[in-house]
Every structure is written in structure tokens, then in C-alpha cells.
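**Q**
Residue numbers (this note's numbering): 228 to 297.
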């Protein structure tokens with residue numbers, strides 16, 4: 228799963244499960260935001276995976292709630 232960590236000028240820092248990649252922002256859809264899960268489209272552009280992003284956000288919220296309730 229590819230996740231956008233942050234943008235630095237004209238680059239995006241992307242985390243895969245076990246590595247970090249840096250790609251040009253020109254390879255990303257203009258709709259991609261920090262924190263988004265992304266997939267590569269048939270045209271070779273990285274686009275948001277809205278379902279994947281929502282799933283990760285819900286998982287993270289659940290973990291945060293568990294931590295706060297301890």
C-alpha cells in the first residue's frame with residue numbers, strides 16, 4: 228500500500244509497507260493530498276484510493292481511541 232507522507236517542493240515522499248520512495252509531483256493527480264493512499268492508474272499517474280484512505284483513517288482512529296481509553 229502506497230501512502231503519501233508529505234510534499235517537498237516538486238517531490239512527494241511516499242511510504243510503502245517497508246520502504247520510502249520519492250517521486251515527482253508531476254506523476255501525481257492534482258487531487259492527491261498528504262495522508263492519502265494512492266494507486267497507479269492505467270495512464271501511469273498516481274491517483275487517490277479513496278476507499279483505502281478511508282480504511283486507514285478509520286483504523287488509525289480506532290487505535291488512537293484505544294490508546295486514549297487506557
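Every residue gets a Cβ at the ideal spot worked out from N, C-alpha and C, and that includes glycine.
Keep in mind the model is a prediction, meaning the values are calculated, not measured.
#1: Apart from the five residues just before and just after residue 240, which ones in its own chain have a Cβ nearer than 8 Å to its Cβ?
#2: So if DSSP puts residue 247 in a beta bridge, which residue, or which two residues, is it bridged to?
#3: In terms of residues, what are the limits of the beta strand (DSSP E) holding residue 232?
#4: Does the Cβ-Cβ distance between residue 266 and residue 229 come in under 9 Å?
#5: Taking C-beta to C-beta, are residue 282 and residue 262 nearer than 9 Å?
#6: With DSSP as the reference, please indicate the residues paired to residue 255 in a beta bridge.
**A** Looking at the coordinates:
#1: To locate residue 240, count along the chain shown from 1; it is residue 13. Excluding residues up to 5 positions away in sequence, 231, 232, 233, 234, 247, 248, 249 lie with their Cβ nearer than 8 Å to the Cβ of residue 240 in the same chain.
#2: One-based indexing of the chain shown puts residue 247 at position 20. Residue 247 is bridged to 242.
#3: Reading the chain shown from its first residue, position 5 is the one you call residue 232. 229 to 235 is the span of the beta strand (DSSP E), which, as asked, contains residue 232.
#4: Taking the chain shown and counting its residues from 1, one reaches residue 266 at position 39. Taking the chain shown and counting its residues from 1, one reaches residue 229 at position 2. Less than 9 Å divides the Cβ of residue 266 from the Cβ of residue 229.
#5: Along the chain shown, read from residue 1 onward, the residue named residue 282 stands at position 55. Along the chain shown, read from residue 1 onward, the residue named residue 262 stands at position 35. The answer is no: Cβ separation not under 9 Å.
#6: Counting from one through the chain shown, the residue named residue 255 turns up at place 28. Answer is 273, bridged to residue 255.
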